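Report on one structure; see the data block that follows.
Number of protein chains: 2
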Amino acid sequence: MEKFFELLKEEKNSGARLGIIRTPRGAIETPAFMPVGTQGTVKALTPEEVAQTGAQIILCNTYHLYLRPGADLIKRAGGLHKFMNWPYPILTDSGGFQVNSLAHLSKLSEEGVLFRSHIDGSLHLLTPEKSIEVQEKLGSEIMMPLDICLPNPSPYKKYEEALKRTTRWAARSKQYHEGKPGVLFGIIQGGIYLDLRIKSLSEIEELEFPGLAIGGLSVGEEKEIMYELLEGILPQVPKDKPRYLMGVGAPSSIVKCVSLGIDLFDCVLPTRLGRNGTAYCASGKVNIDNARFREDFSPLDPSCDCYVCQNYTRAYLRHLFVSREILAARLLSYHNLYFMGKLMSNIRQAIKEDRFLEFQKEFEDTYRERSISL
Amino acid sequence: MEKFFELLKEEKNSGARLGIIRTPRGAIETPAFMPVGTQGTVKALTPEEVAQTGAQIILCNTYHLYLRPGADLIKRAGGLHKFMNWPYPILTDSGGFQVNSLAHLSKLSEEGVLFRSHIDGSLHLLTPEKSIEVQEKLGSEIMMPLDICLPNPSPYKKYEEALKRTTRWAARSKQYHEGKPGVLFGIIQGGIYLDLRIKSLSEIEELEFPGLAIGGLSVGEEKEIMYELLEGILPQVPKDKPRYLMGVGAPSSIVKCVSLGIDLFDCVLPTRLGRNGTAYCASGKVNIDNARFREDFSPLDPSCDCYVCQNYTRAYLRHLFVSREILAARLLSYHNLYFMGKLMSNIRQAIKEDRFLEFQKEFEDTYRERSISL
Numbered sequence: 072m073e074k075f076f077e078l079l080k081e082e083k084n085s086g087a088r089l090g091i092i093r094t095p096r097g098a099i100e101t102p103a104f105m106p107v108g109t110q111g112t113v114k115a116l117t118p119e120e121v122a123q124t125g126a127q128i129i130l131c132n133t134y135h136l137y138l139r140p141g142a143d144l145i146k147r148a149g150g151l152h153k154f155m156n157w158p159y160p161i162l163t164d165s166g167g168f169q170v171n172s173l174a175h176l177s178k179l180s181e182e183g184v185l186f187r188s189h190i191d192g193s194l195h196l197l198t199p200e201k202s203i204e205v206q207e208k209l210g211s212e213i214m215m216p217l218d219i220c221l222p223n224p225s226p227y228k229k230y231e232e233a234l235k236r237t238t239r240w241a242a243r244s245k246q247y248h249e250g251k252p253g254v255l256f257g258i259i260q261g262g263i264y265l266d267l268r269i270k271s272l273s274e275i276e277e278l279e280f281p282g283l284a285i286g287g288l289s290v291g292e293e294k295e296i297m298y299e300l301l302e303g304i305l306p307q308v309p310k311d312k313p314r315y316l317m318g319v320g321a322p323s324s325i326v327k328c329v330s331l332g333i334d335l336f337d338c339v340l341p342t343r344l345g346r347n348g349t350a351y352c353a354s355g356k357v358n359i360d361n362a363r364f365r366e367d368f369s370p371l372d373p374s375c376d377c378y379v380c381q382n383y384t385r386a387y388l389r390h391l392f393v394s395r396e397i398l399a400a401r402l403l404s405y406h407n408l409y410f411m412g413k414l415m416s417n418i419r420q421a422i423k424e425d426r427f428l429e430f431q432k433e434f435e436d437t438y439r440e441r442s443i444s445l
Numbered sequence: 072m073e074k075f076f077e078l079l080k081e082e083k084n085s086g087a088r089l090g091i092i093r094t095p096r097g098a099i100e101t102p103a104f105m106p107v108g109t110q111g112t113v114k115a116l117t118p119e120e121v122a123q124t125g126a127q128i129i130l131c132n133t134y135h136l137y138l139r140p141g142a143d144l145i146k147r148a149g150g151l152h153k154f155m156n157w158p159y160p161i162l163t164d165s166g167g168f169q170v171n172s173l174a175h176l177s178k179l180s181e182e183g184v185l186f187r188s189h190i191d192g193s194l195h196l197l198t199p200e201k202s203i204e205v206q207e208k209l210g211s212e213i214m215m216p217l218d219i220c221l222p223n224p225s226p227y228k229k230y231e232e233a234l235k236r237t238t239r240w241a242a243r244s245k246q247y248h249e250g251k252p253g254v255l256f257g258i259i260q261g262g263i264y265l266d267l268r269i270k271s272l273s274e275i276e277e278l279e280f281p282g283l284a285i286g287g288l289s290v291g292e293e294k295e296i297m298y299e300l301l302e303g304i305l306p307q308v309p310k311d312k313p314r315y316l317m318g319v320g321a322p323s324s325i326v327k328c329v330s331l332g333i334d335l336f337d338c339v340l341p342t343r344l345g346r347n348g349t350a351y352c353a354s355g356k357v358n359i360d361n362a363r364f365r366e367d368f369s370p371l372d373p374s375c376d377c378y379v380c381q382n383y384t385r386a387y388l389r390h391l392f393v394s395r396e397i398l399a400a401r402l403l404s405y406h407n408l409y410f411m412g413k414l415m416s417n418i419r420q421a422i423k424e425d426r427f428l429e430f431q432k433e434f435e436d437t438y439r440e441r442s443i444s445l
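Quick note, the sequences are listed as chains A and B, same order. Residue 72 is where the first sequence starts when you use the numbering used here, and the numbers rise one by one after that. Residue 72 is where the second sequence starts when you use the numbering used here, and the numbers rise one by one after that.
Written as C-alpha cells, this is what we have:
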C-alpha cells in the first residue's frame with residue numbers, strides 16, 4: 072500500500088519541503104493551498120473552475136454542513152463529494168473553531184461544546200466523537216479532531232489547560248475513528264508559548280496521527296510571533312508527516328511558512344477578497360473599485376494567464392464591481408484562486424530546483440500584502 | 072450583399088415563421104430569444120456560458136450603460152462587444168423604457184425626455200438623436216429608436232399622441248443614423264387599440280426600417296388582450312422583415328406569439344427568476360426552496376441535458392439557495408437560459424417539420440406558467 076504522505080525532497084537552503092499526499096480521491100502535491108468551500112461550495116465558483124485554478128483539495132466546514140443541510144442528508148446524498156460535485160480530496164475541520172466564532176452561547180465542558188446554532192438558535196452538543204461522526208458522514212479524506220483554540224494572547228494557564236484538553240479530545244477522536252475510512256490528523260495547540268507548543272506536540276505525537284496540524288495561530292497575534300513560534304516548533308516535528316497550518320493563507324504568509332517547513336494551508340481570503348473587489352496581483356493586492364481603473368483597458372494582472380486576465384479589462388471588472396454584478400465576484404474569486412494555484416506551483420518548482428530562497432526574495436521584493444493601486 | 076433578414080419558411084398550419092437574421096457578428100436563427108445583459112453582463116453568467124445555452128444574440132440596455140460606465144468609455148474600450156467579451160450580435164434598446172420606469176423626475180417634450188439618473192441624481196436629456204448616438208458608440212448590430220411606451224390601459228387620446236410622437240422620433244432617429252453601421256428597427260405603438268396599432272404600423276412602414284418591433288405590450292394588459300392585438304396586427308405586417316415583440320419572453324407567451332408570427336423575443340425572466348430560486352422545468356416553473364426538495368436527489372429537470380441537470384441535485388440546489396450562495400444564482404440562471412435556448416431550438420425544428428401546432432398543443436398540455444411543485 073502506498074504511503075499516505077511521501078516527503079519527496081527537502082530544499083537545500085531553507086526548511087521548505089516537497090511532498091505528496093495520496094488519497095483514494097487523488098493526490099495532493101505539497102506545499103498546497105486549500106480553497107475553502109464552507110457550505111459545500113467554494114463561493115461563487117463551480118467545482119470545475121476550482122480545479123482549473125490548480126486546487127487539488129478543498130476544505131469544507133463541519134460546523135456549517137452539520138447545521139445545514141445536515142450530515143445525515145449529505146450521507147444519504149452519497150457523501151459530500153457527490154453532493155457538491157467535487158470528485159477530488161476534501162479536508163474537513165472539526166467545527167470547533169466555528170462553534171467559538173459563530174455560534175451563540177457556546178459552553179465548554181470536558182464532554183464537548185454546547186452551543187446554539189447561529190441559523191435557528193437550536194441547541195447542539197459537539198463532542199470529539201460527534202465531530203468525527205459528522206466528518207465520517209460527510210466522507211472527507213482528511214479529518215480534524217475537535218480541539219480548543221484560544222484567541223492570542225491568552226493567559227499561559229488557559230493555554231495549558233486548553234492543550235491538555237485538546238490532547239484528551241484527540242485521543243477520544245482517534246479511538247472513535249479507529250478502523251474507519253479517512254485520515255485523522257492531530258492538532259497541536261499551546262498558544263504563543265513555545266514550551267507549551269512543544270509539550271502539545273509531544274503529547275499529540277504519542278497518539279501517532281499520520282498528519283499534524285498546527286492550530287491556534289493567526290488568531291490575534293502579530294505575524295512575527297507566529298513565524299518565531301513555527302521556527303521553534305517545526306524542527307521538532309517528525310519529517311515523515313504532512314504539516315498543516317490551519318487558517319493561514321495570505322500569499323506572503325504562505326511563502327514565509329513554506330520556508331519554515333509547512334506543507335498545507337487553507338484560507339477564505341482569495342474568495343472573500345474577490346467578492347469584496349480585491350485582487351491578488353504580482354505586485355500585491357489591488358482594489359478594483361479604485362477610480363484610476365475607470366478607463367484602464369489593461370488586464371487585471373498583465374503577468375497572469377488566467378481566464379479573467381485573458382478576457383477582461385480592469386475597466387470592465389471595475390464596472391461590474393461598482394454595478395454590484397455577480398460576475399465581478401465570480402471573476403475576481405477565480406483570478407484570486409488561480410493566483411494561489413500558480414503561487415503554490417511556483418513554490419513547488421522552486422523547491423525542486425533548490426532555489427526557494429531566491430524565489431522567496433523575489434516574491435518579497437515584488438509582492439505587497441497591503442492593498443495598493445497598481 | 073446578403074439580405075439582413077431572410078424568411079426561410081412559413082409554417083403550414085399556423086402563423087409561425089422560420090428565418091435568419093444576418094449581421095457582421097454572426098447570424099441569428101429565428102424565432103429567437105435574447106437573454107438580457109442590462110449592465111453589460113447577463114447577470115451571474117460569463118459570455119461563454121450564455122453562448123452555450125444557445126443564445127445567438129443578447130439585448131443590452133442603453134439607459135444603464137449610458138449612465139454607467141458611459142458610452143464614451145465603452146467606445147474607447149473598443150465597443151460593447153469587446154468591453155464585455157461577447158463576440159456575437161447585440162441588440163440595444165433606446166433607453167426610453169428605463170427612463171420611464173427607473174429614472175427620477177422624467178419630463179417629456181417633443182425634443183426628448185429630461186430625466187435624473189437613478190444612480191446619482193444627475194440630469195440628462197435623452198433625445199432620439201442622443202439615443203442613437205449612444206447606441207452607435209456601444210456598437211450594437213440592432214438598434215431601437217426612442218419611442219413613447221404608455222402603461223396599459225391608458226386613454227385612447229394619449230395613445231394617439233404617443234404614437235404620433237413615436238413616428239416623428241422614428242424619423243429623426245432614422246435621419247441621424249443614416250449611413251452608419253448597425254441596423255435600426257422601427258417600433259410600432261398604439262396601446263391596446265387595434266386601429267391605432269394599424270395606424271402606427273402604416274406610419275412606421277413609410278420610413279422603411281429593415282425590422283419592426285412591437286412595443287407597448289406586456290405593460291399592464293391581460294395576456295389575452297396582447298394575443299388578440301397581435302392577431303390583428305401581424306397579418307398587416309410585411310413578411311420580409313423580422314418582427315420583434317419587445318420585453319416579452321415567458322415560455323408560454325413565446326410559444327403563443329410564435330404561432331402568431333413573432334420572430335424575436337427578449338426578457339429578463341430567465342435570469343431574474345433564477346436568482347430568486349425559480350427554475351423553468353418541462354412541467355412548468357419550480358421554486359427550488361420548496362421543503363419537498365430538501366432530500367430530493369434527482370436532477371432539477373430530469374428531461375434536461377444541461378450542465379446543471381447533469382451534475383447537481385434538487386437537494387443541493389435548494390441547499391445553495393437557502394444558504395444564499397452565489398452558485399445558486401449561477402446554476403439556476405444557466406439552467407433557465409438553457410431551457411429557453413432549447414425551447415427556441417425545438418420551436419424552430421417544429422416549424423421546419425410543419426408540426427408547430429402539435430408542438431404548441433403538447434407544450435400547453437405539459438408546461439404550467441404558474442409556479443408549482445413537481
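All C-beta atoms in this analysis are idealised placements derived from N, C-alpha and C, irrespective of residue type, glycine included. Just so we're clear, the structure is a prediction, and the values are computed from it rather than from any experiment.
query = A:F368 touches chain B at which residues, Cβ-Cβ below 7 Å?
reply = Position 297 of the first sequence, counted from the first residue, corresponds to residue 368 of chain A. Chain B residues near A:F368: A148.
request  = Taking C-beta pairs closer than 7 Å, name the residues in chain B that A:Q110 reaches, listed in chain order.
outcome  = For the purposes of this step, residue 110 of chain A is identified with residue 39 of the first sequence, where counting begins at 1. What A:Q110 touches in chain B: S394, E396.
Own chain, CB closer than 7 Å to B:R243, minus 5 neighbours either side, in chain order = Walking along the second sequence from the start, residue 243 of chain B turns up at place 172. Excluding its 5 nearest sequence neighbours in each direction, B:R243 has C-beta neighbours in its own chain below 7 Å: P199, E200, listed in chain order.
task = Taking A:G287 as part of the alpha helix (DSSP H), name the residues at either end of that continuous run.
result = As a working mapping, residue 287 of chain A is identified with position 216 in the first sequence. From DSSP, A:G287 is part of no alpha helix (DSSP H); its letter is neither H nor E.
request  = Report the neighbours of A:P140 on chain B: residues whose CB is nearer than 9 Å to its CB, in chain order.
outcome  = The count along the first sequence starts at 1 and reaches residue 140 of chain A at position 69. Annotation: Cβ neighbours of A:P140 in chain B (cutoff 9 Å, chain order): R365, E366, A386, Y387, R389, H390, V393, S394.
query = chain A beta carbons: is any one of them nearer than 8 Å to that of B:N156?
reply = Locating residue 156 of chain B in the second sequence gives position 85, where the first residue counts as 1. B:N156 counts as touching chain A.
ask   = Mind pulling the beta strand (DSSP E) runs of 3 or more residues that sit fully within the region 267-327 of chain A?
value = Counting only runs of 3 or more, we get 283-285, 314-316.
request  = Decide if A:H175 is buried, meaning its Cβ has at least 16 other Cβ atoms within 10 Å, or exposed.
outcome  = In the first sequence, counting from the first residue as 1, residue 175 of chain A sits at position 104. Exposed.
request  = Report the neighbours of B:Y383 on chain A: residues whose CB is nearer than 7 Å to its CB, in chain order.
outcome  = Here the question's residue 383 of chain B lines up with position 312 in the second sequence. Those are N156, listed as they occur along chain A.
query = Quick one: does A:T94 have its CB under 8 Å from some CB of chain B?
reply = In the first sequence, residue 94 of chain A corresponds to position 23, counting from 1. Taking Cβ atoms only, chain B never reaches closer than 8 Å to A:T94, which makes this a no.
query = Taking only beta-carbon atoms, is B:K114 less than 8 Å away from chain A?
reply = Here residue 114 of chain B refers to the residue found at position 43 of the second sequence. True, the Cβ-Cβ gap to chain A drops below 8 Å.
inquiry  = Against chain A, does B:L144 count as a neighbour if the rule is that its beta carbon must be under 8 Å from one of theirs?
reply    = One-based indexing of the second sequence puts residue 144 of chain B at position 73. Yes, contact with chain A.
ask   = Checking contacts by CB at 8 Å: is A:P163 closer than that to chain B?
value = Taking the first sequence and counting its residues from 1, one reaches residue 163 of chain A at position 92. Reading off the sequence, residue 163 of chain A comes out as Thr, not Pro. Not one chain B Cβ lies under 8 Å of A:T163.
query = Assuming B:F364 and B:R385 make a contact with CB atoms under 8 Å, what is their CB distance in whole Å?
reply = Taking the second sequence and counting its residues from 1, the one referred to as residue 364 of chain B is at position 293. Taking the second sequence and counting its residues from 1, the one referred to as residue 385 of chain B is at position 314. So it is a contact: roughly 4 Å between Cβ atoms.
key: Contacting positions in the region 118-142 of chain B - beta carbon closer than 7 Å to chain A   = R139, P140
task = Could you name each continuous alpha helix (DSSP H) segment of 4 residues or more that falls completely within the region 138-206 of chain B, going from the start of the chain to the end?
result = Within the region 138-206 of chain B, the complete alpha helix (DSSP H) runs of at least 4 residues are 142-147, 151-155, 167-172.
message = Using beta carbons (cut-off 8 Å, strictly below), is B:A400 in contact with chain A?
response = Position 329 of the second sequence holds residue 400 of chain B. Chain A, which has a Cβ nearer than 8 Å to the Cβ of B:A400, makes this yes.
inquiry  = Tell me the residue span of the beta strand (DSSP E) that contains A:V357.
reply    = By one-based count along the first sequence, residue 357 of chain A stands at place 286. Run containing A:V357: 355-358, per the beta strand (DSSP E) assignment.
ask   = Thinking C-alpha only, which one of B:H390, B:C377, B:R395 is nearest B:T124?
value = Looking up residue 124 of chain B in the second sequence gives position 53. The option with the nearest alpha carbon to B:T124 is B:C377.
query = Can you pull the DSSP bridge partners for B:R93?
reply = For the purposes of this step, residue 93 of chain B is taken as residue 22 along the second sequence, with counting starting at 1. Per DSSP, B:A98.
ask   = Does DSSP classify A:L335 as helix, strand or coil?
value = Locating residue 335 of chain A in the first sequence gives position 264, where the first residue counts as 1. Looking at A:L335 - three-state DSSP - the assignment turns out to be strand.
Residues near A:L78 by beta carbon distance below 7 Å, same chain, minus five either side = As a position in the first sequence, residue 78 of chain A is number 7, starting the count at 1. These residues qualify, in order along the chain: R88, G90, K310, D311.
request  = Determine the extent of the beta strand (DSSP E) in which B:E81 is found, giving its start and end residues.
outcome  = Residue 81 of chain B sits at position 10 when you count from the first residue of the second sequence. From DSSP, the beta strand (DSSP E) with B:E81 extends over 76-81.
message = Rounded to the nearest angstrom, what separates A:Y409 and B:D143 at their Cα positions?
response = Start at 1 with the first residue of the first sequence, and residue 409 of chain A comes out as number 338. Start at 1 with the first residue of the second sequence, and residue 143 of chain B comes out as number 72. Roughly 32 Å separates the two Cα atoms.
message = Which residue marks the beginning of the alpha helix (DSSP H) containing A:G412, and which one marks its end?
response = Numbered from 1 along the first sequence, position 341 holds the residue referred to as residue 412 of chain A. Segment 397-423, the alpha helix (DSSP H) holding A:G412.
inquiry  = For the ligand SAH, I want to know if B:I99 counts as a neighbour, meaning its beta carbon is within less than 7 Å of at least one of the ligand's heavy atoms.
reply    = In terms of ligand content, the structure shown is empty, and the ligand SAH therefore cannot be addressed.
key: Backbone secondary structure at B:R365 - three-state DSSP   = For the purposes of this step, residue 365 of chain B is identified with residue 294 of the second sequence, where counting begins at 1. Residue state, collapsed to three classes: coil.
query = Any idea which residues DSSP pairs B:F104 with across the strands?
reply = Within the second sequence, numbered from 1, the residue matching residue 104 of chain B stands at position 33. B:F336, per the DSSP bridge assignment.
ask   = What does DSSP give as the partner residues of A:G257 in its beta bridges?
value = In the first sequence, counting from the first residue as 1, residue 257 of chain A sits at position 186. Partner(s): A:L283.
task = Tell me whether B:L445 sits in a helix, a strand or coil according to DSSP, three-state version.
result = For this step, residue 445 of chain B is matched to residue 374 along the second sequence. Unreliable positioning characterises B:L445 in this predicted model, as indicated by a pLDDT of 49, which lies under 50. A coordinate reading is not provided.
ask   = Taking all protein chains shown into account, do 16 or more other C-beta atoms lie within 10 angstroms of the C-beta of A:K74, making it buried, or fewer, making it exposed?
value = Counting from one through the first sequence, the residue named residue 74 of chain A turns up at place 3. Taking all protein chains in view, the Cβ of A:K74 is surrounded by fewer than 16 other Cβ atoms within 10 Å, so the residue is classified as exposed.
inquiry  = Please report the straight-line C-alpha distance between A:S172 and B:Y159, rounded to a whole angstrom.
reply    = As a position in the first sequence, residue 172 of chain A is number 101, starting the count at 1. As a position in the second sequence, residue 159 of chain B is number 88, starting the count at 1. Between A:S172 and B:Y159, the C-alpha separation is close to 48 Å.
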